[in-house]
Amino acid sequence: MRDIYKSKLGNILIESYGEHIIKCEFTDYFVEQGTDEIIEKCKKYLDDYFSGKITVQFDDILIDKSDYATKILKLVCEIPYGTTATYTDIKEKYEKIYNTKTSARAVGRAVGSNDLMILVPCHRVIGKNNELTGYKFGIEKKKYLLDLEQNHKPSVNI
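Numbering of the sequence shown is given in the numbering used here, commencing with residue 1 and proceeding in unit increments.
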């Protein structure tokens with residue numbers, strides 16, 4: 001099933017398979033629209049996300065990538081709302097967890113293959129020196145999403 005979610009940044013294509021979302025990304029194309037329960041749940045999540053009410057992950061996703069890319073994208077899901085991590089941070093975490101070498105460039109390719117933007121928050125992955133790089137939907141949209149999260153980041157009570 002496919003449907004379009006209209007956001008301030010443009011149309012977002014949402015596609016479901018069974019009980020999971022398999023695609024969530026900006027689109028300029030018209031798609032035949034239809035909806036189901038999981039798409040409606042995702043649209044509600046996006047409503048809450050864009051209004052700053054949501055700070056948790058959307059879990060009903062299916063990452064259909066290579067084993068390596070799936071592992072990398074699951075690490076991206078661990079980046080907390082309102083924060084960022086570098087490609088090198090993810091590389092180092094991957095190497096520690098899986099006891100195997102990789103490169104920041106390979107991490108970047110895996111992150112770039114993400115079909116579930118916002119739901120798998122690849123916009124939170126930045127280059128070294130806090131450089132905003134590598135967002136397939138444009139740096140302006142990446143900056144908007146990061147600023148949105150910064151403005152609605154929950155405070156930490158000590």
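Using N, Cα and C, we set each Cβ at its ideal position, and we do this for glycine too.
| Check | Outcome |
| --- | --- |
| Suppose you measure from the CA of Ile61 to the CA of Gly34; what does that come to, to the nearest Å? | 18 Å |
| Quick one: any contact between the region 108-115 and the region 133-142, if contact means 3 or more CB pairs under 8 Å? | yes |
| How would you write the range of the alpha helix (DSSP H) that Glu191 sits in, first residue to last? | The displayed coordinates of the chain run from 1 to 158. Any statement about residue 191 would go beyond what the structure contains. |
| Pick out the complete alpha helix (DSSP H) segments inside the region 59-142, 4 residues or longer, and give them in chain order. | 67-77, 87-98 and 104-112 |
| Going by beta-carbon coordinates alone, are Gly108 and Pro154 separated by less than 9 Å? | no |
| Per DSSP, Lys14 is paired with what? | Residue 14 is actually Ile in this sequence, not Lys. According to DSSP, which records beta bridges pairwise, Ile14 is partnered with Asp3 and Cys24. |
| Closest to Leu13 by C-alpha separation, out of Ile118, Arg124 and Leu132, would be which residue? | Ile118 |
| What I want to know is whether the C-beta of Thr102 ends up closer than 8 Å to one or more non-hydrogen atoms of the ligand ZN. | The ligand ZN is absent from the structure shown, which contains no ligand whatsoever. |
| Near Asn151, which residues of its chain fall below 8 Å by C-beta distance, leaving aside the five closest residues on each side in sequence? | Gly52 |
| Helix, strand or coil: which one does DSSP assign to Asp36? | coil |
| Work out the CA separation of Glu78 and Glu230 for me, nearest whole Å. | Outside the shown range of the chain (1 to 158) lies residue 230, about which nothing can therefore be said. |
| Any contact between the region 81-99 and the region 122-130? By contact I mean 3 or more CB pairs, one from each, below 8 Å. | yes |
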